[in-house]
Amino acid sequence: MSVTRQEVLDGLSKVRSPRGTGLIDSKVLSEIAVNGDKVFFSINVEASEVRAWETVRAQAEAAVRAIPGVAVAMVALTAERKPGAAAPSSPQRPAQGIPPASAHRHPHNPAGSPMSRQAEIPGVAAVIAVASGKGGVGKSTTALNLALGLRDLGLRVGLLDADIYGPSVPRLTGIREKPQLNDAKKMVPIERFGLAIMSIGFLVDEDTAMIWRGPMVMSAITQMLRDVAWGTLDVLVVDMPPGTGDAQLTLAQSVPLKGAVIVSTPQDLSLIDARRGLAMFKKVNVPVLGIVENMSFFQCPHCGTRSDIFGHGGARHEAERLGVPFLGEIPLHMSIRETSDSGNPVVESEPAGPHAAIYRAIGERIRERLQDAIAAA
Ligand code: ADP
Numbered sequence: 024m025s026v027t028r029q030e031v032l033d034g035l036s037k038v039r040s041p042r043g044t045g046l047i048d049s050k051v052l053s054e055i056a057v058n059g060d061k062v063f064f065s066i067n068v069e070a071s072e073v074r075a076w077e078t079v080r081a082q083a084e085a086a087v088r089a090i091p092g093v094a095v096a097m098v099a100l101t102a103e104r105k106p107g108a109a110a111p112s113s114p115q116r117p118a119q120g121i122p123p124a125s126a127h128r129h130p131h132n133p134a135g136s137p138m139s140r141q142a143e144i145p146g147v148a149a150v151i152a153v154a155s156g157k158g159g160v161g162k163s164t165t166a167l168n169l170a171l172g173l174r175d176l177g178l179r180v181g182l183l184d185a186d187i188y189g190p191s192v193p194r195l196t197g198i199r200e201k202p203q204l205n206d207a208k209k210m211v212p213i214e215r216f217g218l219a220i221m222s223i224g225f226l227v228d229e230d231t232a233m234i235w236r237g238p239m240v241m242s243a244i245t246q247m248l249r250d251v252a253w254g255t256l257d258v259l260v261v262d263m264p265p266g267t268g269d270a271q272l273t274l275a276q277s278v279p280l281k282g283a284v285i286v287s288t289p290q291d292l293s294l295i296d297a298r299r300g301l302a303m304f305k306k307v308n309v310p311v312l313g314i315v316e317n318m319s320f321f322q323c324p325h326c327g328t329r330s331d332i333f334g335h336g337g338a339r340h341e342a343e344r345l346g347v348p349f350l351g352e353i354p355l356h357m358s359i360r361e362t363s364d365s366g367n368p369v370v371e372s373e374p375a376g377p378h379a380a381i382y383r384a385i386g387e388r389i390r391e392r393l394q395d396a397i398a399a400a
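In structure tokens:
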């Protein structure tokens with residue numbers, strides 16, 4: 024039976040805020056999202072108060088988890104900084120709504136690299152983002168097949184679907200089951216195709232995902248990074264939400280990224296969007312590992328003839344011009360679409376085929392760039 028919102032409020036009634044008032048009366052709670060036996064909400068406070076509220080966050084999460092019938096409780100602490108206010112001292116758990124990189128300069132790292140302020144994820148050697156300037160360019164398809172390509176190189180790989188507005192990994196992988204909690208109350212990722220996979224889509228319906236906004240989105244993602252028992256991974260591939268708005272920028276800052284891969288189609292518009300993606304990662308000092316041109320050319324499924332219907336090569340050109348590596352081009356091909364949409368990605372279902380070879384070659388280039396991080400782990 025589903026837990027009710029009222030039961031959650033009752034469970035929270037004894038939790039007090041640092042201001043001495045009851046948590047519920049403190050006007051800091053977001054909407055409470057309940058989905059069956061899973062409860063999600065955030066506590067939104069000013070950045071200067073974050074440290075004091077971390078205990079309250081933990082108490083609230085424990086209180087909700089103790090309600091009979093609740094299997095998963097995720098309470099996120101989100102912080103917004105008033106313009107002109109001093110940067111907060113960092114809490115134990117990373118606060119969200121992190122201000123621009125310039126506000127976070129580290130004395131030994133004037134570039135303000137996210138690595139200087141974000142705790143790495145224990146056991147995970149390298150986290151990389153797969154991003155796109157807009158939706159529908161094949162970002163998720165690329166992220167999954169790239170993860171499989173890296174797996175084929177002998178690496179231990181995880182995939183986090185952080186596309187919280189439209190999680191597509193359940194569809195692309197055919198995963199229907201829900202993640203279980205381990206003894207430490209961490210969610211255990213689903214193992215499929217030899218990958219450790221986690222998606223917000225495993226926990227909530229797409230409709231619920233849509234109503235998550237702003238800081239809550241970001242903190243749900245950071246919690247998925249940290250409250251999931253990822254185990255030992257060489258690479259964790261994060262399928263980012265599409266676009267280059269504030270949500271993406273903050274996410275790029277709050278995740279300890281070793282690099283980013285930008286997916287673009289050859290059309291001009293998408294390349295303009297891809298440029299925005301490059302600028303975004305540059306702003307937060309995340310190295311761009313390169314650009315992938317997806318739906319680069321049309322390959323006839325019958326005769327194999329190649330047609331450059333979109334004026335192919337735009338992304339390679341753009342990458343050269345901008346001085347970032349070009350990682351490879353993936354054709355627009357029925358078998359990529361069909362295998363993706365039926366939950367059986369092409370690298371898995373046609374491992375000896377030409378498409379799998381392309382994803383593996385892209386994986387090789389990325390592995391080279393991550394070599395130091397993987398070797399050091
Ligand atoms: P995004 O994550 O950018 O929104 P998706 O990965 O969900 O995009 O892909 C959008 C659609 O395009 C899906 O139906 C997918 O199967 C299809 N698609 C992606 N890449 C290719 C490709 N190279 N060839 C054919 N279809 C593709």
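The opening residue of the sequence shown carries number 24 in this note's numbering; numbering runs sequentially from there.
Just so it is clear, CB atoms sit at the ideal spot from N, CA and C, and this is done for glycine as well.
query: Neighbourhood of Gly-366 by C-beta distance below 7 angstroms, restricted to the same chain and skipping five residues each side; result: Arg-194, Leu-195, Thr-196, Gly-197
query: First through last residue of the alpha helix (DSSP H) which encompasses Leu-183; result: Per DSSP, Leu-183 belongs to no alpha helix (DSSP H); it is in the beta strand (DSSP E), 180 to 184.
query: Cα-Cα separation, Leu-169 to Val-251; result: 21 angstroms
query: Coarse secondary structure for Leu-176, derived from DSSP in three states; result: coil
query: Check whether Gln-246 and Ala-99 have beta carbons under 7 angstroms apart; result: yes
query: Where Pro-265 falls, given that 16 or more other Cβ within 10 Å makes a residue buried; result: buried
query: Helix, strand or coil at Pro-114 according to DSSP, with G and I counted as helix; result: Residue confidence for Pro-114 is low, a pLDDT of 34 falling below 50, so the modelled location carries little weight and cannot support an answer.
query: Alpha-carbon spacing of Gly-189 relative to Ala-384, whole angstroms; result: 28 angstroms
query: Residues that DSSP places opposite Glu-387 in a beta bridge; result: According to DSSP, which records beta bridges pairwise, Glu-387 is partnered with nothing at all.
query: DSSP beta-bridge partners of Glu-316; result: Ser-287, Glu-352
query: Short CB-CB distance (under 7 angstroms) between Lys-201 and chain C; result: Going by chain labels, chain C is absent from the structure shown, which holds only one protein chain.
query: Spatial neighbours of Gly-146 in its chain, beta-carbon cut-off 7 angstroms, leaving aside the 5 residues before and after; result: Trp-253, Gly-254, Thr-255, Leu-256
query: Pair within 7 angstroms by beta-carbon distance, Ser-287 and Ala-338; result: yes
query: Neighbourhood of Val-93 by C-beta distance below 7 angstroms, restricted to the same chain and skipping five residues each side; result: Val-26, Asp-60, Val-62, Val-87
query: Ile-66 in three-state terms, based on DSSP; result: strand
query: Lys-201 versus Asp-184, Val-180, Gly-181, Ile-223, residue with shortest Cα-Cα distance; result: Ile-223
query: Beta-carbon spacing of Met-263, Ala-148 below 7 angstroms; result: no
query: Status (buried if at least 16 other CB within 10 Å, exposed otherwise) for Arg-80; result: buried
query: Closer than 6 angstroms: Asp-364 CB and nearest the ligand ADP heavy atom; result: yes
query: Check: Lys-281 C-beta below 6 angstroms from any heavy atom of the ligand ATP; result: The ligand ATP is not part of this structure, which contains only the ligand ADP.
query: Distance between beta carbons of Gly-156 and Arg-299, contact taken as under 8 angstroms; result: 5 angstroms
query: DSSP beta-bridge partners of Glu-84; result: None, per the DSSP bridge assignment.
query: Coil, strand or helix - Glu-214 by DSSP; result: strand
query: Residue(s) in a DSSP beta bridge with Phe-321; result: Ser-330, Leu-355
query: Asn-58 - partner residues in DSSP beta bridges; result: Lys-61
query: Closer than 6 angstroms: Leu-173 CB and nearest the ligand ADP heavy atom; result: no
query: Cβ neighbour criterion (16 or more within 10 Å) applied to Lys-50; result: exposed
query: Secondary structure of Thr-101, DSSP reduced to three states; result: strand
query: Lys-15 versus Gln-276, Leu-350, Cys-326, residue with shortest Cα-Cα distance; result: Nothing in the structure corresponds to residue 15, since the chain is present only between 24 and 400.
query: Proximity test, Met-318 beta-carbon vs the ligand ADP heavy atom, cut-off 6 angstroms; result: yes
query: Stretch-stretch touch, CB-based, cutoff 8 angstroms, three pairs: the segment 201 to 210 with the segment 392 to 399; result: no
query: Buried or exposed by the 16-neighbour rule on C-beta atoms within 10 Å, applied to Asp-186; result: buried
query: Those residues which DSSP pairs with Leu-46 across a bridge; result: Note: Leu-46 sits in no beta bridge, so no partner.
query: Nonlocal neighbours in the same chain, by C-beta distance under 8 angstroms from Asp-175, ignoring five residues either side; result: Val-370, Pro-374, Ala-379, Arg-383, Gly-386
query: Alpha-carbon spacing of Arg-360 relative to Asn-317, whole angstroms; result: 12 angstroms
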